[in-house]
Every structure is written in C-alpha cells, then in structure tokens.
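Start counting the sequence shown at 7; every next residue gets the next number (the working numbering).
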Amino acid sequence: MLNKSTNVFGDFPSKYTDSQTAAISILPVPYDGSSTWIKGADKGPQAILDASYNLEFYDIETDSEVFRKGIFTEPTIKGFDMPEQVTEAVRQRTTALLDKDKFPVILGGEHSVSIGAFEAMADRYDNLTILQLDAHADLRDEYNGSRYNHACVMARAKEYAPIVQVGVRSMDVCEKKNMDAERMFFAHDIYWRPDFEWVERVISLLTENVYLTIDLDVFDPSIMPATGTPEPGGLAWYDVIALIKAVCKHTNLVGFDIVELCPREHLWSCDFLAAKLLHKTLTYKFCLGTRASRPQ
7 MLNKSTNVFG DFPSKYTDSQ TAAISILPVP YDGSSTWIKG ADKGPQAILD ASYNLEFYDI
67 ETDSEVFRKG IFTEPTIKGF DMPEQVTEAV RQRTTALLDK DKFPVILGGE HSVSIGAFEA
127 MADRYDNLTI LQLDAHADLR DEYNGSRYNH ACVMARAKEY APIVQVGVRS MDVCEKKNMD
187 AERMFFAHDI YWRPDFEWVE RVISLLTENV YLTIDLDVFD PSIMPATGTP EPGGLAWYDV
247 IALIKAVCKH TNLVGFDIVE LCPREHLWSC DFLAAKLLHK TLTYKFCLGT RASRPQ
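If you want it as structure tokens, here you go:
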C-alpha cells in the first residue's frame with residue numbers, strides 16, 4: 007500500500023495505461039464555483055486519484071481485473087470560473103473521447119460538471135436515460151442567477167433525456183413542479199422496500215442506453231461524511247452497488263460520473279470509498295460474470 011500523490015488512477019503496469027489502447031478514460035474536473043455550502047469539491051478528483059493507489063485491483067465477486075481493459079487518466083479540465091464554461095469544456099472533451107471509442111468517467115468537482123457530459127451523451131446515443139444517485143433533487147430551473155448551478159443539474163438533464171432519480175431526501179417545494187413522481191425513488195421509500203424490489207422498479211424505467219451520475223451524498227453520512235451538503239438517511243454501500251450491478255447487467259451503461267467528494271483531513275475512508283466505487287462500477291461494466299451475486 008502506498009501513501010502518495012498521483013495524477014493518474016491506479017498503480018497499473020504501464021501497458022494498461024496507454025492513451026491509445028485503453029478502453030476507459032477518466033477525466034478529472036476539479037471545479038467548485040457554484041456550490042453553496044461547504045467548499046472543497048475541487049479537491050475531490052485529486053483525492054480519488056491518490057486513494058486509488060491503495061486499491062486491490064482484483065475483484066473477488068466477478069473474479070476479474072478490470073484494469074486489463076486499459077485505464078487512462080486524461081489531462082485535467084481546469085482554469086474556468088463560470089459553470090457555463092465548464093459545461094462547454096466537459097461537453098467538448100467527452101465528445102472527443104466518444105469519437106475515439108473510449109468509455110468516459112468524469113470525476114468532479116461539484117455536480118454542475120455533469121451537465122456537459124449529459125449533452126455529449128445525448129448527442130451520441132439514442133434511447134438514452136440519465137440515472138441520478140443523489141440526496142438532492144437538483145430540479146431548480148435557476149439558482150443564484152445561473153441555470154448551470156449545481157442545484158439545477160437535473161433540470162438541465164431533463165432537457166437532454168428522460169431521467170430517473172434515486173436516493174433523494176432533500177428538495178425545495180419549488181422543485182415539485184419539475185418532479186416526475188413515477189421516476190423518483192425517495193430514500194425513505196427505498197428503506198422500507200424489502201429484498202431490493204426497488205432495484206427492479208428502477209431498471210424497468212430505464213432505456214437501452216444509460217448514463218449514470220453519482221453524487222456521493224447519496225450515501226448516508228455515517229459512511230460518507232465528506233460531501234459539501236451531507237444529508238442523513240442515505241443509502242448504504244450494498245444498496246448502491248446492487249443498483250449499479252443491475253444497470254450494467256440489463257442496460258448499456260455508456261458512461262458515468264462521480265461528483266461532490268469534499269475531502270476532509272483524517273477522513274481518508276471517504277476518498278477510498280469513492281475510488282472503490284469507481285473501480286467497482288467499471289468492473290460491473292466490463293467484467294460482470296457468472297460469479298456475481300444477487301440481486302439478479
């Protein structure tokens with residue numbers, strides 16, 4: 007195990023990190039310009055990359071090593087002040103990755119960085135659904151003078167594709183008019199549904215192609231306190247990965263992002279959780295095999 011700062015995801019042999027041959031591209035976007043409570047999400051991508059050096063790269067559940075597909079960490083998107091600028095930069099870079107047949111993973115930063123990826127994915131894929139895992143509805147049409155604020159991310163997503171929202175437990179009354187109750191899975195409802203039945207309901211609402219956006223505050227703060235807007239009553243680790251596994255088994259996951267890690271001193275477990283989640287999601291996407299356990 008290493009304790010070091012690195013600009014790449016994982017301590018892989020160099021032949022698996024070649025930009026030309028890698029199937030997977032990780033794009034760090036350390037932007038935190040529109041967040042409205044605890045600042046620090048701009049430090050999230052680097053914290054995830056640092057923590058990734060301490061992962062075990064063999065996955066027991068699937069009996070696989072996803073790094074053999076090739077994982078390249080792209081140059082960081084930085085130097086922008088406004089969320090609209092970041093949106094355009096992410097859109098252009100994500101489009102370029104899709105043009106090269108790469109599987110894109112966006113590392114935020116605050117949640118507004120996802121908007122550019124939504125646009126790029128919608129331009130590329132028909133029959134697309136955007137699946138959000140989040141404590142917050144993020145359905146405001148405008149907030150603090152911007153339509154690209156982190157509180158508006160799913161209002162923008164709806165302009166590109168149908169959405170499904172999972173884990174929400176905080177919203178303003180003004181967001182109700184933008185909410186589709188049939189496609190909203192509140193955290194308290196998930197808690198009382200037995201035996202992962204809610205996962206089947208989520209999957210039934212998805213289309214052929216799915217883009218997944220993961221705000222880390224979807225997790226309960228007892229296991230993920232290092233976010234800018236922690237909310238009690240969140241999901242547990244196996245809740246989240248059960249859903250991601252089902253998504254990868256039953257749909258075509260075309261990309262995903264992980265956002266809103268706000269690193270805290272001495273809370274290294276949060277950085278590691280985010281890195282493990284990234285690795286596990288890639289494993290389910292590329293290596294889901296017969297050893298994978300329920301839910302089916």
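Think of the CB as a built atom: it goes at the ideal place given N, C-alpha and C, for glycine as much as any other residue.
(message) Quick check: what's the CA-CA separation for phenylalanine 78 versus aspartate 201?
(response) Stepping through the sequence shown from its first residue, residue 78 is reached at position 72. Stepping through the sequence shown from its first residue, residue 201 is reached at position 195. Distance between phenylalanine 78 and aspartate 201, taken at the CA atoms: about 37 angstroms.
(message) Would the segment 154-171 count as touching the segment 106-122 if we require 3 or more Cβ pairs under 8 angstroms?
(response) In short, these stretches touch, since the Cβ pair count reaches three.
(request) Report the residue from Leu113, Thr93, Ala95 and Lys45 whose alpha carbon sits nearest the alpha carbon of histidine 285. (result) The count along the sequence shown starts at 1 and reaches residue 285 at position 279. Histidine 285 has its Cα closest to that of Leu113, out of Leu113, Thr93, Ala95 and Lys45.
(request) Answer with buried or exposed for glycine 151, where buried requires no fewer than 16 other C-beta atoms within 10 angstroms of its C-beta. (result) In the sequence shown, residue 151 corresponds to position 145, counting from 1. So glycine 151 counts as exposed.
(request) Buried or exposed for cysteine 268, please, with buried defined as at least 16 other CB atoms from any protein chain shown within 10 angstroms of its CB. (result) Here residue 268 is taken as the residue at index 262 of the sequence shown, counted from 1. Buried is the label assigned to cysteine 268, since at least 16 other Cβ atoms lie within 10 Å of its Cβ.
(message) Three or more C-beta pairs under 8 angstroms: does that hold for the segment 216-230 against the segment 238-250?
(response) The segment 238-250 and the segment 216-230 touch, with three or more beta-carbon pairs separated by less than 8 angstroms.
(request) Let me know if tyrosine 22 comes out buried or exposed under the rule of 16 or more other beta-carbons within 10 Å of its beta-carbon. (result) For the purposes of this step, residue 22 is taken as the residue at position 16 of the sequence shown. Buried is the call here.
(request) Locate the alpha helix (DSSP H) running through arginine 58, then write down its first and last residues. (result) Here residue 58 corresponds to residue number 52 of the sequence shown, with the count starting at 1. A small correction: the amino acid at residue 58 is serine; arginine does not occupy that position in the sequence shown. From DSSP, the alpha helix (DSSP H) with serine 58 extends over 50-58.
(request) For alanine 187, count neighbouring C-beta atoms within 10 Å of its own C-beta (all shown protein chains included) and say buried if the count is 16 or more, exposed if not. (result) Counting from 1 along the sequence shown, the entry for residue 187 is found at position 181. When all chains shown are included, alanine 187 counts as exposed.
(request) Would you check if the distance between the CB atom of methionine 127 and the CB atom of valine 260 is smaller than 8 angstroms? (result) Mapped onto the sequence shown, residue 127 falls at position 121. Mapped onto the sequence shown, residue 260 falls at position 254. With contacts defined by Cβ atoms closer than 8 angstroms, methionine 127 and valine 260 form a contacting pair.
(message) Buried or exposed, going by whether 16 or more other CB atoms sit within 10 Å of the CB of asparagine 133?
(response) Residue 133 sits at position 127 when you count from the first residue of the sequence shown. Asparagine 133 sits exposed, since fewer than 16 C-beta atoms from the chains shown fall within 10 Å of its C-beta.
(request) Under 7 angstroms Cβ to Cβ from leucine 249, same chain only, skipping five residues before and after it: list those, please. (result) If you number the sequence shown from 1, residue 249 lands on position 243. A distance below 7 angstroms between beta-carbons, with the five flanking residues on each side excluded, links leucine 249 to the following residues of its chain, in chain order: Val172, Val205 and Val208.
(request) From the DSSP output, in three-state form, read off aspartate 105 for me. (result) For the purposes of this step, residue 105 is taken as the residue at position 99 of the sequence shown. Looking at aspartate 105 - three-state DSSP - the assignment turns out to be helix.
(message) Using a Cβ distance threshold of 8 angstroms, determine whether the segment 98-114 contacts the segment 139-151, with at least three qualifying pairs required.
(response) Contact between the segment 98-114 and the segment 139-151 is absent, because fewer than three Cβ pairs lie under 8 angstroms.
(message) Taking 6 angstroms as the limit between beta carbons, can you name the residues of its chain near lysine 251, skipping five residues before and five after?
(response) Mapped onto the sequence shown, residue 251 falls at position 245. Only Tyr290 meet the Cβ criterion.
(message) According to DSSP, simplified to helix, strand and coil, what is valine 170?
(response) By 1-based counting over the sequence shown, the position of residue 170 is 164. When secondary structure is reduced to three states using DSSP, valine 170 falls in the strand class.
(request) Please name the residue in Leu283, Ile264 and Thr287 whose C-alpha comes closest to that of histidine 117. (result) If you number the sequence shown from 1, residue 117 lands on position 111. Considering only alpha carbons, the answer is Ile264.
(message) By the three-class DSSP mapping on this structure, what secondary structure does glycine 261 have?
(response) Within the sequence shown, numbered from 1, the residue matching residue 261 stands at position 255. In the structure shown, glycine 261 sits in a strand (DSSP, three-state: E or B).
(request) Measure how close the beta-carbons of alanine 311 and glycine 240 come, nearest whole angstrom, since I'm counting them as under 8 angstroms. (result) Residue 311 lies beyond the range of the chain shown here (7 to 302); nothing can be said about it.
(message) Please list the terminal residues of the continuous alpha helix (DSSP H) segment that includes phenylalanine 292.
(response) In the sequence shown, residue 292 corresponds to position 286, counting from 1. Counting along the chain, the alpha helix (DSSP H) containing phenylalanine 292 begins and ends at 274-293.
(request) Express the C-alpha separation of leucine 55 and valine 14 in angstroms, rounding to a whole number. (result) Position 8 of the sequence shown holds residue 14. Position 49 of the sequence shown holds residue 55. Each residue's alpha carbon lies about 6 angstroms from the other.
(message) Taking a contact to mean a Cβ-Cβ separation below 8 angstroms, would you say aspartate 140 touches valine 174 in this structure?
(response) Residue mapping note: residue 140 aligns to position 134 of the sequence shown, counting from 1. Residue mapping note: residue 174 aligns to position 168 of the sequence shown, counting from 1. Yes, Cβ-Cβ distance for aspartate 140 and valine 174 is below 8 angstroms.
(message) So for aspartate 221, helix, strand or coil by DSSP?
(response) Position 215 of the sequence shown, counted from the start, is the residue given in the question as residue 221. In this structure, DSSP gives aspartate 221 an extended state, which the three-state scheme calls strand.
(request) Thinking glycine 50 and methionine 88 are a contact (beta carbons under 8 angstroms), I'd like their distance in whole angstroms, please. (result) Mapped onto the sequence shown, residue 50 falls at position 44. Mapped onto the sequence shown, residue 88 falls at position 82. Between glycine 50 and methionine 88, the beta carbon gap of about 19 angstroms keeps them out of contact (Cβ cut-off 8 angstroms).
(request) Spatial neighbours of methionine 177 within its chain, please: CB distance less than 8 angstroms, with the 5 preceding and 5 following residues excluded, ordered by chain position. (result) Here residue 177 refers to the residue found at position 171 of the sequence shown. The answer, listed in chain order, is His142, Ala143, Leu145 and Met185.
(message) Residues in the same chain with beta-carbon distance under 7 angstroms from serine 58, minus the five sequence neighbours each way, listed in chain order, please.
(response) Residue 58 sits at position 52 when you count from the first residue of the sequence shown. Taken in chain order, the residues that qualify are Phe15, Gly16 and Ala281.
(request) List the whole-angstrom C-beta distance separating aspartate 221 from alanine 53, where the pair is believed to meet the contact cut-off of C-beta under 8 angstroms. (result) For this step, residue 221 is matched to residue 215 along the sequence shown. For this step, residue 53 is matched to residue 47 along the sequence shown. Between aspartate 221 and alanine 53 the beta-carbon gap is near 16 angstroms, outside 8 angstroms, which marks them as no contact.
(message) Tell me which residues share the same chain as arginine 97 and place their Cβ nearer than 6 angstroms to its Cβ, disregarding the 5 neighbours each side in the sequence.
(response) Stepping through the sequence shown from its first residue, residue 97 is reached at position 91. Correct list, in chain order: Gly122, Glu125 and Ala126.
(message) When you compare the CB positions of tyrosine 154 and threonine 68, do they come within less than 8 angstroms of one another, or not?
(response) As a first step, residue 154 must be located in the sequence shown, where it is residue number 148. As a first step, residue 68 must be located in the sequence shown, where it is residue number 62. Contact flag unset, no.
(request) Kindly indicate the opening and closing residues of the alpha helix (DSSP H) around phenylalanine 124. (result) On the sequence shown, residue 124 is found 118 positions in, with the first residue counted as 1. Looking at the DSSP string, the run of the alpha helix (DSSP H) that includes phenylalanine 124 is 120-130.
(request) Report the three-state DSSP secondary structure of aspartate 65 (helix, strand or coil). (result) Working through the sequence shown from its first residue, we reach residue 65 at position 59. In the three-state reduction of the DSSP assignment, aspartate 65 falls in the strand class.
(message) Just to check my reading of the structure: leucine 218 and phenylalanine 191 have Cβ atoms closer than 8 angstroms, yes? What is that Cβ distance to the nearest angstrom?
(response) Numbered from its first residue, the sequence shown carries residue 218 at position 212. Numbered from its first residue, the sequence shown carries residue 191 at position 185. Contact between leucine 218 and phenylalanine 191 fails: their C-beta atoms lie close to 14 angstroms from each other, not under 8 angstroms.
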